[in-house]
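Reviewing the structure listed below.
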Ligand SMILES: NC(=O)c1ccc[n+]([C@@H]2O[C@H](COP(=O)([O-])OP(=O)(O)OC[C@H]3O[C@@H](n4cnc5c(N)ncnc54)[C@H](OP(=O)(O)O)[C@@H]3O)[C@@H](O)[C@H]2O)c1
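Numbering (the working numbering), first residue to last: 197 to 469.
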């Protein structure tokens, strides 16, 4: 299942997350994911595993054009020249000639944001990033880019899961042709809370699926791309085995009642790093 971006490129609806995956774990996870049918891998300069991921991609022997690889510009590299340099370094660590998506990792003020965005536009025009976008951007952050850009962001990657549903941000992104991408779709380190949620368990039993599969399918049916992380072969396979069942409107509505609005990750306006 794919989602089409505003520039008509396609992004696979499920990708493999790799935050906190060591190089060795990331290497194996990517190979296991590709074997399980994933074609989308999410990394970032700050994860420190770009080299291992690039090696796994190469060793898989899957043609490059069949893969979708995302990496991100780290906060301390924001700025025009620094972003161009950081991008080249990521590309060489990955051992790739282009990435499919390059994102500004966090919002660090309007000045740095626009200098970085100009660099992403330059990179996009060079063909070395097939799509560009942002991460951890709220409505007012995106509005500033829309007001000042030449090329609009195609993706916004933000924390999104069953208790932080981002209904309004999703609506805003959709109305501006920006695809929402959910990070921490399984609630990250709080996954034990997800797994023991009674509503989730009831729906999992109803559909003969696991709780993570219900959580991911719910995002998928909202048109949101999700990048669950796992380093476990069986769980990697489980997290993409989502397309043989469908949540009904009643199921979806029930899941919408689980929103608490509580954020697990850093406030997008107060990033201390
Ligand atoms: N842009 C950003 O600022 C940002 C921030 C955070 C994350 N991200 C991206 O989004 C990805 C996903 O977020 P995340 O890694 O924080 O959290 P997540 O994908 O919501 O959850 C990962 C946790 O769930 C476990 N897990 C995965 N599948 C499972 C399953 N089927 N059953 C039981 N447990 C399962 C994993 O353990 P095992 O590995 O042991 O399976 C891991 O502990 C990241 O890896 C990263 O690529 C981006």
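Heads up, the beta-carbon is just placed ideally off N, CA and C, and yes, glycines get one too.
Of the residues assessed, residue 452 falls on the exposed side of the cut-off, its CB having fewer than 16 other CB atoms within 10 angstroms. For residue 296, the enclosing beta strand (DSSP E) has its first and last residue at 295-300. The stretch 440-460 makes no contact with the stretch 231-238; the number of CB pairs closer than 8 Å stays below 3. For residue 433, the CB contacts under 6 Å within the same chain, skipping 5 residues up- and downstream, are 232 in chain order.
Residue 212 is bridged by DSSP to 237.
Secondary structure of residue 333 (DSSP, three-state): coil. Runs of the alpha helix (DSSP H) spanning 4 or more residues and lying entirely within the stretch 346-404 occur at 363-371, 387-391 and 394-403, in chain order. Judged by DSSP in its simplified three-state form, residue 203 adopts coil rather than helix or strand. In the DSSP assignment, residue 266 falls within the beta strand (DSSP E) that extends over 264-269. Secondary structure note for residue 226: its alpha helix (DSSP H) is the uninterrupted segment 219-232. Proximity of the stretch 287-307 to the stretch 322-342 meets the contact definition, three or more beta-carbon pairs being nearer than 8 Å.
Residue 410: member of the alpha helix (DSSP H) spanning 407-417, first to last residue. Taking a C-beta distance under 7 Å as the contact criterion, residue 387 and residue 396 do not qualify as a contact pair. Here residue 274 is buried. Its C-beta has 16 or more other C-beta atoms within 10 Å.
Approximately 6 Å separates the beta-carbon atoms of residue 458 and residue 359; this is inside 8 Å, confirming the contact. A distance criterion of 6 Å places the beta-carbon of residue 379 in contact range of ligand 1, judged by its closest non-hydrogen atom. Placement of the Cβ of residue 425 at a distance of less than 6 Å from at least one heavy atom of ligand 1 is found.
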